[in-house]
Structures are given as C-alpha cells and as structure tokens.
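Here the structure is laid out as structure tokens; the discussion comes afterwards.
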Amino acid sequence: MNSNIIQNSELGMQNSKSNLWTKHYINTLIVSLIIFIPNIILVNVLPLFTLSIGGNNTTAGLLTSILTLSALICRPIFGKMLDSKGRRIVLIIGLSLFSFSTISLLAATNIFSLLALRFFQGIGLSGFSTALGTILSDVVPKERLSEGVGYFGISQTLATAIGPNLGLYLYINHGYQATYIVAFGISLFSIIFASFITYEKKTKNTADNNHKDMAVVSETAATTHVSQNKGFIEKSSIRPCIVLLLAVLPISSVFSFMPLFAVERGINNIGLFFTVFSISMVVAKLINGKAADRFGYSRIFFPAIIMMFMLFITLAYANSLPMVLLGAIFYGLGFGTVQPILNTIVIKLSPPERKGAANATYYATLDLSFGIGSFLWGVVSQIAGFTTVFLACALFVSLSAMAYYFVLHRDLVKNQSMQAA
Numbered sequence: 002m003n004s005n006i007i008q009n010s011e012l013g014m015q016n017s018k019s020n021l022w023t024k025h026y027i028n029t030l031i032v033s034l035i036i037f038i039p040n041i042i043l044v045n046v047l048p049l050f051t052l053s054i055g056g057n058n059t060t061a062g063l064l065t066s067i068l069t070l071s072a073l074i075c076r077p078i079f080g081k082m083l084d085s086k087g088r089r090i091v092l093i094i095g096l097s098l099f100s101f102s103t104i105s106l107l108a109a110t111n112i113f114s115l116l117a118l119r120f121f122q123g124i125g126l127s128g129f130s131t132a133l134g135t136i137l138s139d140v141v142p143k144e145r146l147s148e149g150v151g152y153f154g155i156s157q158t159l160a161t162a163i164g165p166n167l168g169l170y171l172y173i174n175h176g177y178q179a180t181y182i183v184a185f186g187i188s189l190f191s192i193i194f195a196s197f198i199t200y201e202k203k204t205k206n207t208a209d210n211n212h213k214d215m216a217v218v219s220e221t222a223a224t225t226h227v228s229q230n231k232g233f234i235e236k237s238s239i240r241p242c243i244v245l246l247l248a249v250l251p252i253s254s255v256f257s258f259m260p261l262f263a264v265e266r267g268i269n270n271i272g273l274f275f276t277v278f279s280i281s282m283v284v285a286k287l288i289n290g291k292a293a294d295r296f297g298y299s300r301i302f303f304p305a306i307i308m309m310f311m312l313f314i315t316l317a318y319a320n321s322l323p324m325v326l327l328g329a330i331f332y333g334l335g336f337g338t339v340q341p342i343l344n345t346i347v348i349k350l351s352p353p354e355r356k357g358a359a360n361a362t363y364y365a366t367l368d369l370s371f372g373i374g375s376f377l378w379g380v381v382s383q384i385a386g387f388t389t390v391f392l393a394c395a396l397f398v399s400l401s402a403m404a405y406y407f408v409l410h411r412d413l414v415k416n417q418s419m420q421a422a
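Here is the structure:
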C-alpha cells in the first residue's frame, strides 16, 4: 500500500512537472498578445505617417532601425538585470517605457522628434520582450519546450493579424492621433496583466509548493547561483544566433515595407496579407512545435527554410493580391517554423543561471537583423526597387540554410547521439 502511495505521488510530481498550462504561462501569453498589438500597429502606420510629413522609403526604414538600435544597446543591460534583479521588475519597466513613449507620439510633428521617440520605444521593447522570453524559458517544462515556445509565438502571431488591420483602419478613417491613443490604451492593459505574473520562492522542503505549481520561478533564484560567465552575451547562444541573423535579415523587408510595396505595385487590401500570414503561421506552430520535440529540429528546419525562399521569389514578381497572399502562406509556414526552432535551441543550450543573458542575446540578434535589414532594404528599394530587394532576400535565406548545416546541424546530431547512448 505504501508503495502505491509513493508511485501515485511520483506520478503526480511528474504530471506537475510536465504541465504546460500553468497560470504563469497563461499570463505570459496574455501579456505578449496585448503588448505586441500596439507594437505592430506602429510598425505599419508610422512608415505611412513618415511619408505624409515629407519622408521617403529610406526614412521609413530608419524608423525601424533606430528602434532596434536602442533595443540592441539595452538588451545586454536588461539581460543582466533579469538574472540579478528578477523578471517582473524588468517586464514592468519595459512595458511602462513603451506605453508612455507611444502616447508621446502625439507630439511628434517632424522626422527628428519621431526618431527620438522611436529610440525610447526601443528601450521599452528590449525590456519587455527580453523579460517575456526569459519568463517563458522559466515556466515551460523542458520536455515540452518547443511546444511551449510555439504557443508563445502564436500569441505574437495573433497580434500580427490584429495589429496591421486595426492600425491601418484607424489611420485611414480616423487619423494618426486616434491611432496613437488606441495603441496607448491597449498597451496599458499589458501592464495590468503583467502584475498578475507573480513569483514565489522554490523551497526544497516545501512539498505543497511543488504540487501547486512546479513551473513557479523564484524571483530571487537568479541570485542564488553565481555563473562563471558573467558577460552580457551568452556564449552558447552565438551559433544559433548566427543562423537567426541570416534568416531574419531578409524577413525585415516584409515586416517593414509591405504597405509601401503594396502602394508601389498598386495592390489593394494589403491587410489580407497579414491575416493569411498569421493563419498559416498559427498552423505551422501548432504542428511543428510537437514535431520538433519528437523528430528533431533539422528535419523541420530545412523544409521551412525552403518555404521562406519561395516567399521572396513569389513577392519579387507579385503584381496581384492572389500572388501576394500565396507569399503570405509561404511566409507563415516558413518563418513560423524557423524562428521558434532557433529560439528553442538558444534556450536549451543555455545554463539555467544564464537564461536572462541567453534571451538577451537572442533578442539582440533579432534587433540587429531588423535594424540592419530595415535600413538596408529601404536604401535598396529606393535605388533599385522591391524586385531587387526580394531577390537579394532569397539569397540571404539560402545563406541561413548553409549556416545552419555547417554551424548547428552537426553538433545537434552529435548531442542527440550522446543523449541516446
């Protein structure tokens, strides 16, 4: 009888450990969804607003570049804070900075003031996105990591589906002031929900805490272990981030310039692109999260990178909405798989006490990719047009596939063989 009790207890502990849908995980998804809606609204509306006050494609690209530059500068600082001061304080700081710099856009009447405010928004973005990524790595069971990262990505995908359509509707029908006010109002809700992401201490001798929520992370846990690697950059993240850089650099062209691309090609209802892209990305993440955990990353990565390649070939010669929507399907299926796989690899390779630094390194790479890409593709589109932009992007996608094979694939196969042995 005692043995049955012990077995049942161990089974309960195991189920608790593998429970994905804890309150902290759900709150993280909610905050991610809410805050990325105003972020995506601004990404799509600000380039159009820039043109209305005398800017051009290069200036529009610079808006994203300045945002990602400030985020890139601040990510290492926030990464250290996450590992030393705790998760929630960094999350609240980031959300607050982003929210109040959003409402301040009402005072932006020229390019200089717009760039200055985007710089401050980048600081907030670096804080809340790095914190959310670190909280995610804390609360998701290791054996369900790809699945958990996939659902987290879906929350941002839903924001990508809602944000462009809502933002363009508000801007076209009610003007930029109403757009900024709505974006600010939405961002305030993220701060409210972030307050529900609470942390309790993990104690070895408190069985009740283990049974209540095995995914709860100590706010002070980061200070209980001193890592030998105290740098801002987590070394284990460098190799997957090289692949990430080459994959996201071309994606920044789609992220930053689709509204301008549609205007140049005379394509109406471009908001449908983001809807179709979001649906296909949700499908990809629902399927490939579990598939990556089961079959390995490489078997999922390479078909997805082919989809990304097809995206840019399609957009390069697209002159109609159906062609653009076909590209949106390739976009969602491809990038919706590649990005969470690389995110999962970064988390799995990082030591537990360096999760904050690892996530900062990962998101800093995203910042660098978008920052360089947005400016680069803005200049190229101004000089040579969008066909040249998208063909060049297809080349970068090919380079990312090569980098994955030579930098990551062999080591991943070795690690899997060692674990199997």
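Just add 1 to wherever you are in the sequence shown, counting from 1, and you've got the working numbering.
Positions of the beta carbon are idealized from the N, C-alpha and C atoms, including for glycine.
A quick note: this is a predicted structure, and the numbers were derived from the prediction, not measured.
Inset, instruction - Run the CB neighbour count on His175, radius 10 Å, all protein chains shown included, and call it buried at 16 or more, exposed below. - result: Residue environment analysis places His175 among the exposed positions, since fewer than 16 neighbouring C-beta atoms fall within 10 angstroms of its C-beta.
Inset, instruction - Could you give the DSSP three-state label for Asn360: helix, strand or coil? - result: In the three-state reduction of the DSSP assignment, Asn360 falls in the helix class, which pools H, G and I.
Legend entry - Reduced DSSP category for Pro352 - H, G, I as helix; E, B as strand; rest coil: Per DSSP, reduced to three states, the secondary structure at Pro352 is coil, with no helix or strand assignment.
Inset, instruction - Starting from the Cα of Leu167, find the closest Cα among Glu235, Ile182 and Lys349 and give me that residue. - result: Of the candidates Glu235, Ile182 and Lys349, the one whose C-alpha sits nearest the C-alpha of Leu167 is Ile182.
Legend entry - Range of the contiguous alpha helix (DSSP H) that encloses Tyr26: Where Tyr26 is concerned, the enclosing alpha helix (DSSP H) stretches over Lys24 to Ser53.
Legend entry - Anticipated Cβ contact below 8 angstroms, Phe185 with Thr103, distance rounded: The Cβ separation is near 5 angstroms, so the contact holds.
Inset, instruction - Flag this pair as yes or no: are the beta carbons of Leu34 and Ser156 separated by less than 8 angstroms? - result: In contact: Leu34 and Ser156 (Cβ atoms closer than 8 angstroms).
Legend entry - Integer-rounded CB distance, given that Val283 should sit under 8 angstroms from Ile306: Taking 8 angstroms as the upper bound for CB-CB distance, Ile306 and Val283 are not in contact here, some 19 angstroms apart.
Legend entry - Helix, strand or coil at Ile280 [DSSP, three-state]: Residue state, collapsed to three classes: helix.
Inset, instruction - Pick helix, strand or coil for Thr199, following the three-state DSSP scheme. - result: Correct three-state label for Thr199: coil.
Legend entry - 7 angstroms CB neighbourhood of Phe190 in its chain, flanking five on each side removed: Closer than 7 angstroms at Cβ, skipping near neighbours: Ile35.
Legend entry - Outcome for Asn40 when other beta-carbon atoms lying within 10 angstroms are tallied against a minimum of 16: Within a 10 Å sphere around the beta-carbon of Asn40 sit 16 or more other beta-carbons, which makes this residue buried.
Inset, instruction - Would you tell me roughly how many angstroms separate the C-alpha atoms of Phe197 and Thr388, rounded to the nearest one? - result: If you take the alpha carbons of Phe197 and Thr388, they lie about 47 angstroms apart.
Legend entry - Candidates Phe256, Gly386, Tyr177 and Leu137, of which the one nearest Tyr1 by Cα: For residue 1 there is no data in the structure shown, the boundaries of the chain being 2 and 422.
Inset, instruction - Give me the Cα-Cα distance between Ala292 and Phe336, rounded to the nearest whole angstrom. - result: Taking the straight line joining both Cα atoms gives about 16 angstroms.
Inset, instruction - Output yes or no for whether 8 angstroms exceeds the beta carbon distance between Val46 and Tyr172. - result: The Cβ atoms of Val46 and Tyr172 lie closer than 8 angstroms to each other.
Legend entry - Neighbour-count burial assignment, Lys286, 16 or more Cβ in a 10 Å radius: Residue burial is scored here from C-beta neighbours: Lys286 has at least 16 other C-beta atoms within 10 angstroms and is therefore classed as buried.
Inset, instruction - Give the single residue among Thr135, Leu106 and Ala61 whose Cα lies nearest to the Cα of Met259. - result: With distances taken between Cα atoms, Met259 lies closest to Ala61.
Legend entry - Reduced DSSP secondary structure (H/G/I, E/B, other) of Pro165: Helix, per DSSP.
Legend entry - Among Glu144, Leu106, Leu115 and Ile93, the one whose alpha carbon lies nearest that of Gly125: Out of Glu144, Leu106, Leu115 and Ile93, Ile93 has the C-alpha closest to the C-alpha of Gly125.
Legend entry - Extent of the continuous alpha helix (DSSP H) to which Gly125 belongs: Taken as a continuous stretch (DSSP letters only), the alpha helix (DSSP H) holding Gly125 covers Ile112 to Val140.
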